[in-house]
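Residue numbers (the numbering used here): 1027 to 1471. For every residue, glycine included, the Cβ atom is placed at its ideal position computed from N, Cα and C. Only a predicted model underlies this, so the values are computations on that prediction, with no experimental measurement involved.
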Amino acid sequence: MHRATFPQVRVMTKKLYIKTYGCQMNVYDSERMAEALDGYEQVNSPDGADMILLNTCHIREKAAEKIYSELGRYRGLKEANPDLKIGVAGCVAQAEGEEVMRRQPLVDIVVGPQSYHRLPELEAKAARGEKALDTDFPEEDKFEKLKTRPKAQRGPTAFLTVQEGCDKFCAFCVVPYTRGAEVSRPVARVLAEAEDLVSRGVREITLLGQNVNAYHGADGGETWGLARLIRRLAEIDELKRIRFTTSHPNDMEDDLITAHGDCEKLMPYLHLPVQSGSDRILKRMARKHTAAEYIRLIERIREARPDLLLSGDFIVGFPEETEEDFQATMALIEAVNYGQAYSFKYSSRPGTPAAERAEVDPEVAADRLQRLQALLTRQQKAAQDAMVGREIDVLFEKPGRLPGQMVGKSGYLHAVHVTGEVAVGQISRVRITESGPNSLGGTLL
Ligand code: SAH
Ligand code: SF4
Ligand code: F3S
């Protein structure tokens, strides 16, 4: 008998390694880039990859410089596999453009945050051996060009960009230049993407924007603010939790404050950066609000939601910051009491107005940062310790390090671990019994 033999057919899926730096929006963008590159599967290591993409951040000098040392490490991989394509995406790509390829000739593709839907064309160009660069701010909506989220194999939480860019031009910040002008996605698109995520098992969505509370999405002839969008999203039955980040104090409108009190699915956590507690410095930063206005705003939000956990961002050592200015920041922190915070030493960024000004002595700035972080750490620990004894809901996300352990997040964004039978994606009641260095421990009720 003659048996036909078939040649072994192997579907050639190329391997894509993406490394993500910077903010949550970059995490979201990395997912979308992976989705844009059909024919690639994402892998967890650069070894053996056919394409390496660095999704970069330009916010501070250290963040940007890290990219070049990382790129240098890929020299050996490129020598071993000349077909390997190396791409730089994100805010360094936008800010430095062609300069990236000049500084590091290993780079084949440079693509900005507003043009990454064109990655397939750029990849084809790179495959022909040409350098491919796109840092346009195109007319078309990049999200329009991308499909829904078929590749997304995800846990129960997801990010969803609803607004992008910034028109605030704080004197220290590169974001208005790297992300461009403020743009909101239309309501229908946001709702469709949310429904799609929820149908894939997502139970918590964090709405993203550089100025997310400035959201003004079109719905036919109407314009929706963020609060209305949140209330509409809350009608999706299987969506259990909603968060948003990052907000600017000046865009914290009344209905958004009210929503913190009456929208049950909106979690009791708010990231509301203030940067400094000195009016003199706030003015030089072009923040367009005073310390007292910020404190009053926090009071109003806490009237709506007394258990709100507040998070902030601080910059120390901004040009011309005196010890007195710094003490005003410390006093603001004492007055507000933060449950979470991020603090940075000022980093001069090319092209921003503050870059022209005289810098604070780096040692003085480092000392202030240390004192400020000590205070913030004390407040964060106190907020976490205060959870002990409370009964709270936890959304479970993944198995923990120990056998039988599961880890999830509280509404206040604390990590919580328990031992017991609970599924990923489940929300369960937990009694908090201990407060560790980075997480809470509890028992299932
Ligand atoms: N509005 C955006 C800001 C993104 S940058 C958002 O809030 O998500 C995040 C934080 O980085 C800022 O709030 C600020 O505290 C810090 N930052 C921005 N530019 C900086 C600089 N030049 N030096 C030090 N820290 C900076
Ligand atoms: Fe940067 Fe200020 Fe815009 Fe935030 S609000 S992105 S800090 S310019
Ligand atoms: Fe960085 Fe760009 Fe985000 S500069 S913080 S990756 S918007």
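For HIS1274, the Cβ falls inside the 6 Å cut-off from some heavy atom of the ligand SF4. When only Cα atoms are considered, ALA1367 and PRO1463 end up about 16 Å apart. Boundaries for GLN1301: no beta strand (DSSP E) harbours it, and the DSSP string shows neither H nor E there. Going by DSSP, HIS1443 is part of the beta strand (DSSP E) stretching over 1441–1445. With a contact defined as Cβ atoms closer than 8 Å, PHE1185 and LEU1265 miss out at about 14 Å. By the neighbour-count criterion, in which 16 or more other beta carbons inside 10 Å mark a residue as buried, ALA1214 falls on the exposed side. Relative to the ligand SF4, GLN1236 has its C-beta within less than 6 Å of a heavy atom. In this structure, the CA atom of PHE1352 is about 28 Å from the CA atom of ALA1412. For ILE1418, the closest C-alpha among the options LYS1040, PRO1164 and LEU1470 is that of LEU1470. For the pair PRO1345 and ALA1384, the CB atoms are nearer than the 7 Å cut-off. In this structure, ARG1211 lies away from PRO1139, with their beta-carbon atoms at least 7 Å apart. Counting only residues of its own chain and dropping the five nearest sequence neighbours on each side, GLU1221 has a CB closer than 7 Å to the CB of ILE1262. For LYS1435, the pairing in a beta bridge is given by DSSP as LEU1421 and ALA1441. In the DSSP assignment, MET1077 falls within the unbroken beta strand (DSSP E) covering 1077–1082. A residue is called buried once 16 or more other Cβ atoms fall within 10 Å of its Cβ, and GLN1396, having fewer, is exposed. If you draw a straight line from the Cα of VAL1200 to the Cα of ALA1207, it comes to about 12 Å.
Rounded to the nearest whole angstrom, the CA to CA distance from SER1465 to LYS1424 is 14 Å.
Between the ligand F3S and the CB of HIS1297, the shortest heavy atom gap is not smaller than 6 Å. Ranked by Cα distance from ALA1260, the options ALA1285, MET1278, ALA1244 and THR1271 are led by ALA1285.
With fewer than 16 other CB atoms across the displayed protein chains lying within 10 angstroms of its CB, LYS1407 is exposed.
GLY1102 and PRO1072 have their C-alpha atoms some 11 Å from each other. The C-beta distance from ALA1152 to LYS1111 rounds to 5 Å, short enough to fall under 8 Å. According to the DSSP assignment, ASP1263 belongs to no beta strand (DSSP E), since it is labelled neither H nor E. SER1373 has its CB nearer than 6 Å to a heavy atom of the ligand SAH. Of the candidates ARG1180, VAL1209 and GLU1149, the residue whose Cα lies closest to the Cα of GLU1166 is VAL1209.
TYR1066 carries a strand assignment under DSSP once its states are collapsed to helix, strand and coil. Beta bridge pairing from DSSP links GLY1116 with THR1082. Remark: fewer than three beta-carbon pairs, one from each stretch, lie closer than 8 Å, so the segment 1106–1123 and the segment 1236–1250 are not flagged as touching. In this structure, VAL1386 sits near GLY1343, with a CB-CB distance shorter than 7 Å.
According to DSSP, residue pairing for ALA1367 in a beta bridge involves GLY1338.
Exclusion of the five residues before and after PRO1388 leaves no residue of its chain whose Cβ lies closer than 6 Å to its Cβ. Beta-bridge partners assigned by DSSP to GLY1467: HIS1443 and GLU1460. For GLU1319, there is no enclosing beta strand (DSSP E); the enclosing alpha helix (DSSP H) covers residues 1317–1330.
Cβ contact annotation for GLU1347 (same chain, cutoff 7 Å, sequence separation greater than five): ILE1307 and VAL1386, in chain order.
Contact check for SER1304 against ALA1354 passes: the beta carbons are separated by less than 7 Å. In this structure, DSSP gives ARG1267 an extended state, which the three-state scheme calls strand.
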